[in-house]
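Numbering (the working numbering), first residue to last: 21 to 823.
The next block holds one structure in the form of structure tokens; read it before the comments.
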RNA sequence: GGGGAUGUGGUGGAACUGGUAGACACGCUUGGCUUAGAACCAAGUGCCGCAAGGCGUGGGGGUUCGACUCCCUCCAUCCCUACCA
């Protein structure tokens, strides 16, 4: 009788062993390094399935790389500032700091129970002054490098609670707590000039080993577009309006201009025009989120002001449109209803002229969005869009009414947040003039809240704000994306309280593999890339990019929907870790779907994962390695087949782990190998050659499975006593010579339909194969009396007779 | 509205380079073991059909000897949309 598989006890023992021997603490050595980073979590209190999936992927790869003799660094920490702590603090009357720290404690225990091979000695939390001190320093350095400025921008304002709301706190235009109609309000904020790096952020995407869809999303987000700046003269005024258009070829189709409601001219007009004022106020009843702006009904008002068309000198009306963003381009849109669907919708609604100036080969209804040939465009008629664009730009440049212009969609990064639980922005105001806090005075520490008091914006904490007569402290905190934009670098030097980065940083950076949710494809990853480049330019880090390779995992769903508290469909991973053990949960997560796809949670599949581990246990437990001299063994057909399967599986698993990240198919292959072992090989009476082949299969299975199910494999490895090494010390090698079989199965098709399968020797010629295949009964039947027009042969695979 | 993905049996998924659709699992059915159940073991399991055979990868169309894979088009779901992280 063998011992029963008891994951709970076994896993605890193995984990204690890892911890007391500091197995996963990394330091610089001679081997090739591998920095494997999973996106650190927001400490919400409990691990959710998405975390488990993310961190298992990272751990599998880390363990695999470790077995391949890389010097692996896999740290973990906490993205500890943010809105949820404030919400929880208000709801439960606890201090955000205590709440956060308690959550971290819980989640750390959970992570440990999953058997993740983290180097906990490098742990960091962004809410700790020892971390954000350096963030404040970076901000100061960015400022000194000319990357920081102040400007007004829009926020969601709750007029009842008198607070700024995040987009997610605005529900159907109302504040989530007060229920009051939210207003757009302009306030002064700090910005960082990420747009200085727009070109480089775009270009160096090419050098990254990232999924193409993520690169494409970033490219589109940065949104480089070529076009023209076109200047319109206001009638009876010396004022001008600048517009940007990517389609200067449609300039003869302009029938109106539309200003953003926040454009200075709109505001000026409103001062003397009550109707316009009303309209601007109406526009304020909106939400700052782009998705809401873009889907809102298009509204506009005629300002009564007219401009002169730069070429035709026609008078065109100037409207204000709620769909025009001040932040993009110049905040003025030139309306070409014939060739832009949004302008078309607007013009139809307000009875504005719709002119066709582009024609396609075939008749098409307006609006025509494609490029074509110009019509109704004076001297430019008949030209292609491309030719006309460049000629029109040339003409406008000559007459001083425009010029060629390249525009980015990317906007500068507003980093000010009017919140308590964040990193204080290290600025003081002397007589209203901002000044960076000196390096020696950092960190500016977040003030403690008095017992039981709710978090409040720092502006309401006089002890913090008021420094001296006419000397005030900045009361905003940083966007939490600031915290997460450089943590990957700080992990390497987190033990150093004298310097922000050190020699360890030089050794470990860049991150070789970064793993996280697809939802971070744009913002977090773009900000981190920007930070890295800006830090490089102030001499703090080396290299152009922080993350060499990226793996984006899909969501964990239940019943086709994202798990969320509001839907009440969350599944607590801890319950499953307790019931089945970490190895089963890890195996389930890796087996159920490939990492990049979303994963549908299914309880019964967990059962299946557990069953497989029990089978592995049943095969190995109680068995000891027996040594044989391979030269004395004679392998029969079954032996050779098992060895082929064993070595082929290793080859496949290596490819799946390393190249494809297809852990699901790697596991399926290991399952196949296990199923392939003949029962009599497991018998005590089996021949020496049988036993040798079984030994080999067992060794390979434990090694291949150990990155995914490290506890059970380590335990069985010790018990099996092949060597006295830790299972993670080495990785087996497959023998290419064993992979080739003498025979193959030929698929015989007639007109592309399978009509026969036949086992053939590989040294037959194509002619011989055709002859044999054409004699198969079912093939003969389907060919009948017909003439074979041609046959297509795919070597060692398929033969198709076309009749 | 814009950008990016996904869609294959009852379920999760496989098919890596245009070449056997459904690997590997889950579930289900039948049988074995058992007083019974659980667990375990064995066999079967895309759909229609007695069978021969036909049909089948979200819908429609196309390219090809051959399409889950390439092209066009439509539909559904998910992610992001700059203050959730």
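The beta carbon of each residue, even a glycine, is placed where N, CA and C say it ideally should be.
Remember, predicted model here, so these are calculated numbers, not experimental data.
If you draw a straight line from the C-alpha of residue i to the C-alpha of residue j, how long is it?
| i | j | result |
| --- | --- | --- |
| residue 731 | residue 524 | 30 Å |
| residue 238 | residue 653 | 59 Å |
| residue 509 | residue 416 | 49 Å |
| residue 257 | residue 329 | 14 Å |
| residue 344 | residue 429 | 14 Å |
| residue 461 | residue 447 | 11 Å |
| residue 262 | residue 278 | 11 Å |
| residue 621 | residue 720 | 30 Å |
| residue 611 | residue 682 | 9 Å |
| residue 215 | residue 529 | 25 Å |
| residue 255 | residue 194 | 41 Å |
| residue 196 | residue 106 | 14 Å |
| residue 357 | residue 560 | 50 Å |
| residue 353 | residue 290 | 19 Å |
Near residue i, which residues of its chain fall below 6 Å by C-beta distance, leaving aside the five closest residues on each side in sequence?
| i | result |
| --- | --- |
| residue 319 | 342 |
| residue 95 | 139, 142, 511 |
| residue 802 | 770, 775 |
| residue 230 | 570 |
| residue 685 | 676 |
Just tell me which of the options has its CA closest to the CA of residue i.
| i | options | result |
| --- | --- | --- |
| residue 219 | 208, 201, 243, 203 | 243 |
| residue 276 | 309, 270, 336 | 336 |
| residue 305 | 204, 751, 805, 108 | 204 |
| residue 309 | 371, 202, 498, 466 | 202 |
| residue 626 | 604, 504, 805, 501 | 604 |
| residue 188 | 103, 496, 592 | 103 |
| residue 313 | 326, 347, 119, 293 | 347 |
| residue 818 | 773, 783, 809 | 773 |
| residue 442 | 667, 375, 148 | 148 |
| residue 454 | 486, 492, 651 | 492 |
| residue 478 | 494, 704, 547 | 494 |
| residue 373 | 379, 387, 382 | 387 |
| residue 1 | 31, 254, 334 | The question about residue 1 has no answer here: the residues shown for the chain are numbered 21 through 823. |
| residue 556 | 156, 217, 113 | 217 |
| residue 24 | 805, 325, 638 | 638 |
| residue 656 | 707, 693, 694 | 707 |
| residue 829 | 68, 288, 156, 630 | The structure shown has nothing for residue 829, since the chain only spans 21 to 823. |
| residue 365 | 394, 404, 581, 316 | 316 |
| residue 688 | 114, 715, 608, 641 | 608 |
| residue 614 | 575, 564, 419, 71 | 575 |
Taking buried to mean at least 16 other C-beta atoms within 10 Å of its own C-beta, is residue i buried or exposed?
| i | result |
| --- | --- |
| residue 98 | buried |
| residue 647 | exposed |
| residue 680 | exposed |
| residue 459 | exposed |
| residue 619 | buried |
| residue 282 | buried |
| residue 246 | exposed |
| residue 659 | buried |
| residue 209 | buried |
| residue 207 | exposed |
| residue 82 | buried |
| residue 236 | exposed |
| residue 355 | buried |
| residue 588 | exposed |
| residue 265 | buried |
| residue 573 | buried |
Excluding five sequence neighbours on each side, which residues of the same chain lie with their C-beta closer than 8 Å to the C-beta of residue i?
| i | result |
| --- | --- |
| residue 777 | 765, 766, 767, 768 |
| residue 56 | 78, 81, 82, 85, 92, 93, 94, 531, 532, 533, 535 |
| residue 483 | 467 |
| residue 741 | 644, 645 |
With residue i and residue j assumed to form a contact (beta carbons below 8 Å), what rounded beta-carbon distance in angstroms separates them?
| i | j | result |
| --- | --- | --- |
| residue 413 | residue 402 | Not a contact, Cβ separation roughly 18 Å. |
| residue 526 | residue 562 | 6 Å |
| residue 554 | residue 167 | 6 Å |
| residue 822 | residue 811 | 7 Å |
| residue 496 | residue 410 | The Cβ separation is near 46 Å, so there is no contact. |
Taking 7 Å as the limit between beta carbons, can you name the residues of its chain near residue i, skipping five residues before and five after?
| i | result |
| --- | --- |
| residue 750 | 87 |
| residue 451 | 490 |
Report yes if the C-beta of residue i is less than 6 Å from at least one heavy atom of the ligand ZN; otherwise report no.
| i | result |
| --- | --- |
| residue 433 | Judged by which ligands are present, the structure shown has none, so any question about the ligand ZN falls away. |
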